[in-house]
């Protein structure tokens, strides 16, 4: 009886010590928590796509043919989401864009800055600004290539087992010719098994 | 006493006021009631209240709130699916089955995704609606796979198939749409469209008619006494205030100086709700377009699901009754204190026995649809609901829309009871 009372008191004490704890997670070694799309997958997709882009030869070939110039590219509005999850697919595209710019592979046109840029150009063209130092109208650069893709999944749930296959396919196509200059895919499959008791 | 207080009102009783307001079309008031119910709800019922509230938000056109509620509920239900909690199992066995967290029926889980899809679509989030369509198709496969042809007729959710097919059509995926329409045709042949043409300019209207069946707790309560070889006592049948006398192998009468056993046998009864509206007609631009076609008999689906669960429910109820009566006599050969303690415990547990009456109660009895080719430009529609004698019992709000930018205009009108 004494043992039971002591155990209950110890449990109560431990329960009382409960609180919020926060710890930093290393993104490069982060692993997925479930079979659903996870932040760890972002890293995996970006790494996979970037290594494919680096070995594809398109960017080197373009630079060689255009006196070392980098291709001007545009992101598709978002990665087409054919999965059964609400994913911020723009994040995947932006992550790849960041790596491509930082690794000096391409220049990107900011598709989301158009309205802001237009507003600034109009303002700077007004008498409020020193026109000799104002940004010039008519110098927007058109993208020659578009980076886009699709994310899809096939899920099977049987009892407590959840199997999820995910595939991300991306490509770069030339606006003038519609020719695909680079394409590749990253795929992964995860299984989650829930316990019988919660 | 705490236990008695805990179980005095069933879910159906607690929901009655908000449910009635919802079916009367007084959505704001229904929402206020559900906000209170959700705030006071135990963790076991909380997510079911979110379903009810999500449905009311959908009827109110508050799509963001509907999505938040329905998604939170769906996430929880998927988390606990196919799992058990040991403490809840014991509590259910000892007290009553409402001590377990609510786990929805398969058709309810399918309807969560269906309403989520509609909420995204009506909010104007096409991509979100397509994602929900993908989830819905997976759910339909998961919950209807393996059903016999007979069970499929009753337990499939053709409304969900229709909406999924429609989304495929909108996306231009005619083959995928055809697969879902064929599945729909098996269960609800009249509702399936004769042609699938993603480019055809069409108006598709869905409405809900009638109330979902509700469960009520049916309780047989009684008191039994042993007198030598005789067994005598009385019991109350469900709905009766007159006690029924019971005597087996003896003609003696009950006395208060002998110990007896209090028993309760409680099980849920599924009650179909009376309908004021039995059919409805779509009116477009002031002209009668025609009767809306039944696409989904959810009342029958809910009733069939209940009947399938009933044998197990009755078995569990019988086991609870047995445990609680045994507890009252288990101390007969023990000391006085133990005997009294077990007797009081058994009687208290018998007194608090109730059936689990939980179900998604703001679902309709039936879903109807109307689909027609429509000219570009501005239009307005409303629905007239008719009673048994052909009298108009209700008229929906008028919805204005323009068929210029999209070939398919999908409208969802909550409907009449």
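Residue numbers (the working numbering), protein chains in the order written: chain A, 1 to 198; chain B, 1001 to 1417.
The beta-carbon is built from N, C-alpha and C at its ideal position, and this holds for glycine as well.
Here the structure is a predicted model, which means the values were calculated and not measured.
Check: Range of the contiguous alpha helix (DSSP H) that encloses residue 140(A); Outcome: Element bounds for residue 140(A): n/a, residue is neither H nor E.
Check: Euclidean distance between Cα positions of residue 1264(B) and residue 1098(B); Outcome: 15 Å
Check: Environment of residue 1380(B) [buried if 16+ CB atoms lie within 10 Å]; Outcome: exposed
Check: Counterpart residues of residue 182(A) in DSSP-defined beta bridges; Outcome: 172(A)
Check: Residue 1211(B) burial status per 10 Å Cβ neighbour count (16 or more: buried); Outcome: buried
Check: Residue 1160(B): contacting residues in chain A (beta-carbon distance under 8 Å); Outcome: Ordered by position in chain A, no residue passes the 8 Å Cβ test against residue 1160(B), which lies about 14 Å from the chain.
Check: Given 8 Å, three or more beta-carbon pairs between the stretch 122-133 of chain A and the stretch 156-168 of chain A; Outcome: no
Check: Bridge partners - residue 1220(B), DSSP secondary structure assignment; Outcome: 1265(B)
Check: Supposed contact pair residue 1059(B) and residue 1027(B) - C-beta distance, whole angstroms, cut 8 Å; Outcome: 5 Å
Check: Range of the contiguous alpha helix (DSSP H) that encloses residue 98(A); Outcome: 89-102
Check: Beta carbon proximity, residue 1083(B) to chain A, threshold 8 Å; Outcome: yes
Check: DSSP bridge partner residues for residue 1402(B) (one or two, in chain order); Outcome: 1378(B)
Check: Expected contact under 8 Å - CB spacing of residue 1357(B) and residue 1216(B) to nearest Å; Outcome: 6 Å
Check: The stretch 1107-1120 of chain B touching the stretch 1082-1091 of chain B, judged by at least three CB pairs closer than 8 Å; Outcome: no
Check: CB contact check: residue 196(A) to chain B, cutoff 8 Å; Outcome: yes
Check: Nearest neighbour of residue 1237(B), chosen from 1384(B), 1226(B), 1219(B), 1133(B) [CA to CA]; Outcome: 1219(B)
Check: Residue burial classification, residue 1021(B) (beta-carbon count within 10 angstroms, cutoff 16); Outcome: buried
Check: Beta-carbon proximity list for residue 1398(B), same chain, < 6 Å, skipping 5 on both sides; Outcome: 1380, 1382
Check: CB contact below 8 Å: residue 13(A) versus chain B; Outcome: Because residue 13(A) sits at a pLDDT of 45, beneath the cut-off of 50, its placement in the model cannot be relied upon, and the point is left open.
Check: Selection of the stretch 1121-1139 of chain B by Cβ proximity to chain A, strictly under 7 Å; Outcome: 1127, 1128, 1131, 1134, 1135, 1138
Check: Helix, strand or coil at residue 1373(B) [DSSP, three-state]; Outcome: strand
Check: The beta strand (DSSP E) enclosing residue 1409(B), as first and last residue numbers; Outcome: 1408-1416
Check: Residue 187(A) in three-state terms, based on DSSP; Outcome: strand
Check: Touch test, the stretch 1124-1140 of chain B against the stretch 1156-1175 of chain B, Cβ-Cβ under 8 Å, three pairs minimum; Outcome: yes
Check: Bridge partner(s) assigned by DSSP for residue 149(A); Outcome: 170(A)
Check: Where residue 85(A) meets chain B, residues with beta-carbon distance less than 7 Å; Outcome: 1131
Check: Top-ranked residue by Cα proximity to residue 222(A), from 194(A), 53(A), 21(A); Outcome: Residue 222(A) lies beyond the residue range present for chain A, which begins at 1 and ends at 198; the question has no answer from this structure.
Check: Per-residue DSSP class, three states only, for residue 1419(B); Outcome: Residue 1419(B) is absent from the structure shown; chain B starts at 1001 and stops at 1417.
Check: Spatial distance of residue 194(A) from residue 1288(B) (CA atoms); Outcome: 53 Å
Check: 8 Å contact criterion, which residue 1361(B) and residue 1019(B) should meet: CB distance rounded; Outcome: 5 Å
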